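Peer 1: Here it is, the structure, as structure tokens.
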Amino acid sequence: SLIPQPLLAGAIEGQKYYVESKLNGQSSDSIVFNQEISDKLLISALDFMSTLHLKSKKTVKLDQAISSTLWSDRFEVILNLIKDPQLRTFFAQLEVYLNKQFSGKTIALVQTHGDFWLGNVLSLPPQYALEGIIDWDIAQSAGWPLIDLWHLVGYALKLRGGNFSWGKMFTDIILPDNLPATYLEKLSDYKRQLEISDDLVAALKICYWLNYLAEYAHYFLHLDSYWERENLYQIVSFLKQNLNLNYSLKD
């Protein structure tokens with residue numbers, strides 16, 4: 331199997347740990363600059379995760395109960411960290427926007443990895459064939475589609491381009507679908523098989539960002555001005571320019 335078995339999980343003095351069974355191979359992030367080799371591995375990993383998503387899909391109608399586990403709880407984490415009144419208003423309006431986009435819609439939820447990038451993809455030289463996927467500690471049995479795939483490809487292109495900012499990857503690659511044709515075709519086929527409508531894709535991209543903020547903001551917010559600018563303020567500015575958020579919070 332390309333997926334390790336979970337062995338042990340817990341926390342010691344507030345620090346979480348997660349232990350999996352051992353798989354062959356080594357972390358593949360170091361080969362990202364070899365485009366030919368890394369593209370082959372990326373396609374293999376993309377195909378593997380796409381198949382996992384298809385096999386695990388659960389088609390549901392989005393309602394309040396599901397919202398609490400997939401997007402509302404992210405807003406709660408973020409708003410607990412943000413004090414600026416204008417930012418708080420923006421995120422409150424963004425939550426209304428997502429509620430409107432998702433309300434009553436049907437979508438396929440899937441088994442997700444949560445941190446699917448080449449560092450968690452195992453391979454072996456000289457062929458660098460796919461040997462396994464590790465670090466499933468934040469996996470979800472019923473999570474959003476597409477996000478794993480965006481993260482895998484976007485992160486690789488980010489590193490290959492010498493860019494170490496998640497936010498810049500998001501605004502330059504993910505939001506505008508600025509991907510090589512091969513990956514765009516894979517994503518298009520994936521969306522067709524999972525029956526993901528185009529009107530939900532923009533909302534899912536926002537959820538990708540919210541997942542990132544909810545996971546990392548408590549480490550960097552108010553402590554790292556560069557992180558704040560790249561991963562918060564610039565994305566807020568972009569979304570304000572491209573989304574209609576000018577409705578009452580009472581709607």
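Per my numbering, the sequence shown starts with residue 331, numbered consecutively.
A virtual CB, placed ideally from N, CA and C, is assigned to each residue, including glycine.
From a predicted model like this one, the values you see are computed outputs, not experimental measurements.
Could you tell me if lysine 580 is buried or exposed, where buried requires 16 or more neighbouring beta carbons within 10 angstroms of its beta carbon?
Peer 2: Reliability fails at lysine 580, whose pLDDT of 45 lies under 50, so the model's placement of it is uncertain and no value is given.
Peer 1: Measuring only the C-alpha atoms, how far is isoleucine 468 from aspartate 445?
Peer 2: Their Cα atoms are separated by approximately 8 Å.
Peer 1: How is isoleucine 437 classed by DSSP in three states: helix, strand or coil?
Peer 2: strand
Peer 1: Alpha carbon to alpha carbon, what distance is there between aspartate 377 and serine 578?
Peer 2: For serine 578, the predicted structure reports a pLDDT of 46, less than 50, and the residue's modelled location is therefore unreliable. The matter cannot be settled from this model.
Peer 1: Taking the alpha-carbon positions, what's the arginine 418 to leucine 575 distance?
Peer 2: C-alpha separation (whole angstroms): 13 Å.
Peer 1: What number of angstroms, rounded off, separates the C-alpha of lysine 346 from the C-alpha of lysine 570?
Peer 2: Looking at the two C-alpha atoms, the distance is approximately 36 Å.
Peer 1: Relative to the C-alpha of tyrosine 458, which candidate in Asn364, Thr436, Ala532 has its C-alpha closest?
Peer 2: Residue Asn364 is the option with its Cα nearest to tyrosine 458.
Peer 1: For aspartate 528, count neighbouring C-beta atoms within 10 Å of its own C-beta (all shown protein chains included) and say buried if the count is 16 or more, exposed if not.
Peer 2: exposed
Peer 1: What runs of the beta strand (DSSP E), each 3 residues or longer, lie entirely inside the segment 349-404?
Peer 2: The qualifying runs are 388-391.
Peer 1: Buried or exposed: which applies to valine 349, given that a residue is buried once 16 or more other Cβ atoms fall within 10 Å of its Cβ?
Peer 2: Burial call: exposed.
Peer 1: Could you tell me which residues DSSP pairs with isoleucine 463 in its beta bridges?
Peer 2: Val451
Peer 1: Using CA coordinates, which residue listed in Gly340, Lys435, Ser453 is at the minimum distance from glutamate 525?
Peer 2: Lys435
Peer 1: When you compare each of Ala486, Gly449, Phe568, Leu439 to serine 380 by their alpha carbons, which one comes out closest?
Peer 2: Leu439
Peer 1: Leaving out five residues on either side along the sequence, give the residues of the same chain with a beta carbon under 8 Å from the beta carbon of valine 362.
Peer 2: Apart from sequence neighbours up to five positions away, the residues of its chain that approach valine 362 with a beta-carbon distance below 8 Å are Ser368, Leu448, Ala486, Leu489, Arg490, ordered along the chain.
Peer 1: For the segment 544-564 and the segment 391-411, state whether three or more C-beta atom pairs, one from each stretch, are separated by less than 8 Å.
Peer 2: yes
Peer 1: Exposed or buried, what is tyrosine 583 when buried is set at 16 or more other beta-carbons lying within 10 Å of its beta-carbon?
Peer 2: Residue 583 falls outside the range modelled here, since the chain spans only 331 to 581, and no answer is possible.
Peer 1: So tryptophan 466 and leucine 534 are in contact, right, with Cβ under 8 Å, and what is the actual spacing, rounded?
Peer 2: No, tryptophan 466 and leucine 534 are not in contact; Cβ-Cβ is about 21 Å, not under 8 Å.
Peer 1: Under the three-state reduction of DSSP, which class applies to lysine 346: helix, strand or coil?
Peer 2: strand
Peer 1: Of all the options Leu517, Asn354, Lys521, Lys352, which has the alpha carbon lying nearest to the alpha carbon of isoleucine 437?
Peer 2: Of Leu517, Asn354, Lys521, Lys352, the residue nearest in Cα terms is Lys521.
Peer 1: What is the DSSP secondary structure of serine 471, reduced to helix, strand or coil?
Peer 2: strand
Peer 1: So, at 6 Å on beta carbons, what are the nonlocal neighbours of glutamine 431 in its own chain, with the 5 sequence-adjacent residues on each side left out?
Peer 2: Ala533
Peer 1: Bridge partners for glycine 340 per DSSP, in chain order?
Peer 2: Tyr347
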